[in-house]
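Student: In full-length UniProt numbering, the protein residues as written are 1 to 398. Using N, Cα and C, we set each Cβ at its ideal position, and we do this for glycine too. What you are looking at is a predicted structure, and each value in this text was computed from that prediction instead of being measured.
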């Protein structure tokens, strides 16, 4: 296991770790798992330098440095190696990088995304987007990679299946929207925190990328300049996303549904941050009912229906233990759902009543779910249709 020894006068917390797996004490085994060279049965250990409750002391008189800082910087070095391997594998599948906004050089502030070579000629497109804390381009969940296998937590398997099914592929990159003008490289907040002095603040202008200063801008740029300008107008667009980026997609579609309603075919999300008040367009509400799903962290078995009125779409259990692990855990369900949506778009979801006004109590919600016919016209639960007892309770609360 790599462990840097201190020299007199050196600030332990700012020691540079090598960007090389072998030097860091790791290798990738035959099962595609990250393992320790000295202990091949053990994987990545974040607390290699101890828990943050204690302190490490240098040999030059007791200069104290929190152990957490060493662990953080070491993990970033390991993650940088993993990001490089994943990008190489995605390029091996035929994907290429695009620098956004269009027209910038590699020396100027930019955000890289990846697209497949058939993007301009395909009949359907799959847009893949992780959450904002994913860890890098082409990665769903860095923790799933560190604890499992490289393909599990990355988008490699998703891209392979998408290409097999004839999709063109676009990989968004909302997790690397910061710009480091000293190294001239985009990075995520986790990388910034691990590599920068904690006294260095993020400058809202110098350390961001024009038109990509937040996930909403990034999503809007992808839609307006990549999906609209590069993808054929007849191509059907499917979207697989999660968290705050799913929220950003919903907000964008709500504000621009007339322009995109004939192009967006299906939407599958993981622990989306949106809720019904974000969806004011009635046609988009109907689309969410018929051809959208949201998988959430839940203890029920995978794909169990969860009666949750917040999202306006079919909500199902992923049985994952944390949000970022949902897509790696349920990729097969996500891809099967998209295939089902294309095969039978009118009957790929259970019908979900859309609520306007105040939310009814749980019993009325259950009754409403049982009473609607599957996949019929849009069902709207209005407060006027609630029981008298519910109305009285609402009035009392008001």
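If you run the structure through DSSP and keep just helix, strand and coil, what is residue 219?
Tutor: If DSSP states are grouped into helix, strand and coil, residue 219 belongs with the helices.
Student: When you compare the CB positions of residue 29 and residue 18, do they come within less than 8 Å of one another, or not?
Tutor: The answer is no: Cβ separation not under 8 Å.
Student: Please state whether DSSP places residue 28 in a helix, a strand or coil.
Tutor: Note: residue 28 maps to strand in three-state DSSP.
Student: From the DSSP output, in three-state form, read off residue 295 for me.
Tutor: Of the three classes helix, strand and coil, the one that applies to residue 295 here is strand, per DSSP.
Student: Take every Cβ of the segment 213-232, pair it with every Cβ of the segment 85-104, and state whether three or more of those distances are shorter than 8 Å.
Tutor: With a cut-off of 8 Å, the segment 85-104 and the segment 213-232 count as touching, because enough Cβ pairs lie within range.
Student: Helix, strand or coil: which one does DSSP assign to residue 96?
Tutor: Of the three classes helix, strand and coil, the one that applies to residue 96 here is strand, per DSSP.
Student: Does the segment 78-88 touch the segment 125-144, meaning 3 or more C-beta pairs lie closer than 8 Å?
Tutor: Touching, per the Cβ criterion.
Student: Taking buried to mean at least 16 other C-beta atoms within 10 Å of its own C-beta, is residue 205 buried or exposed?
Tutor: So residue 205 counts as exposed.
Student: Just the Cα atoms here: how many angstroms apart are residue 122 and residue 259?
Tutor: Approximately 20 Å, taken between the alpha carbons.
Student: What are the residues that DSSP puts in a beta bridge with residue 179?
Tutor: In DSSP, residue 179 forms a bridge with 186.
Student: Which residue from 268, 194 and 108 puts its Cα closest to that of residue 76?
Tutor: Checking every option, the nearest Cα to that of residue 76 belongs to 194.
Student: Find the nearest neighbour of residue 177 within the set 303, 120 and 210, judged by alpha-carbon distance.
Tutor: Nearest of 303, 120 and 210 to residue 177, Cα basis: 210.
Student: What residue range is occupied by the uninterrupted alpha helix (DSSP H) comprising residue 259?
Tutor: It spans 243-260 - the alpha helix (DSSP H) in which residue 259 sits, taken as one unbroken run.
Student: Just the C-alpha distance for residue 23 and residue 256, rounded to the nearest angstrom, thanks.
Tutor: Answer to the nearest angstrom: the Cα atoms are 50 Å apart.
Student: Taking only three categories from DSSP, how would you classify residue 168?
Tutor: In the structure shown, residue 168 sits in a strand (DSSP, three-state: E or B).
Student: Tell me the DSSP secondary structure of residue 112 in three-state form.
Tutor: In this structure, residue 112 counts as strand in the three-state DSSP scheme.
Student: Nearest to residue 27 by CA position, among 79, 273 and 190, is which residue?
Tutor: Out of 79, 273 and 190, 79 has the C-alpha closest to the C-alpha of residue 27.
Student: Which whole-angstrom value describes the C-beta separation of residue 291 and residue 319, a residue pair presumed to lie in contact below a C-beta threshold of 8 Å?
Tutor: The Cβ separation is near 23 Å, so there is no contact.
Student: Cutting at 7 Å between CB atoms, please list the residues of its own chain near residue 46, excluding the five before and the five after it.
Tutor: So the qualifying residues of the chain are 71 and 75.
Student: Name the DSSP beta bridge partners of residue 269, please?
Tutor: Bridge partners of residue 269: 241 and 294.
Student: Going by other Cβ atoms of all chains shown within 10 Å of its Cβ, with 16 needed for buried, is residue 124 buried or exposed?
Tutor: Looking at its Cβ environment, which holds 16 or more other Cβ atoms inside 10 Å, residue 124 is buried.
Student: CB-CB under 7 Å to residue 284, same chain, minus the five flanking residues each way: which ones, in chain order?
Tutor: The residues are 253, 254 and 257.
Student: Strictly by DSSP, which residues pair up with residue 314?
Tutor: Answer is 293.
Student: Can you name, in chain order, every residue of its own chain whose Cβ lies under 7 Å from the Cβ of residue 94, other than the five neighbours on each side?
Tutor: Once the five neighbours on either side are set aside, the close Cβ partners of residue 94 are 116 and 117.
Student: Quick one: what does DSSP say residue 149 is sitting in, helix, strand or coil?
Tutor: It is a strand residue.
Student: Tell me the DSSP secondary structure of residue 303 in three-state form.
Tutor: The answer is coil: DSSP assigns residue 303 none of H, G, I, E or B.
Student: Quick one: give me the first and last residue of the alpha helix (DSSP H) that residue 399 is part of.
Tutor: Absent from the structure is residue 399, since the part of the chain shown begins at 1 and ends at 398.
Student: Considering residue 124, what are the terminal residues of the alpha helix (DSSP H) in which it resides?
Tutor: Per DSSP, residue 124 belongs to no alpha helix (DSSP H); it is in the beta strand (DSSP E), 124-128.
Student: Kindly indicate which three-state DSSP category residue 451 falls into: helix, strand or coil?
Tutor: The shown model of the chain, from 1 to 398, leaves out residue 451, and the question about it has no answer.
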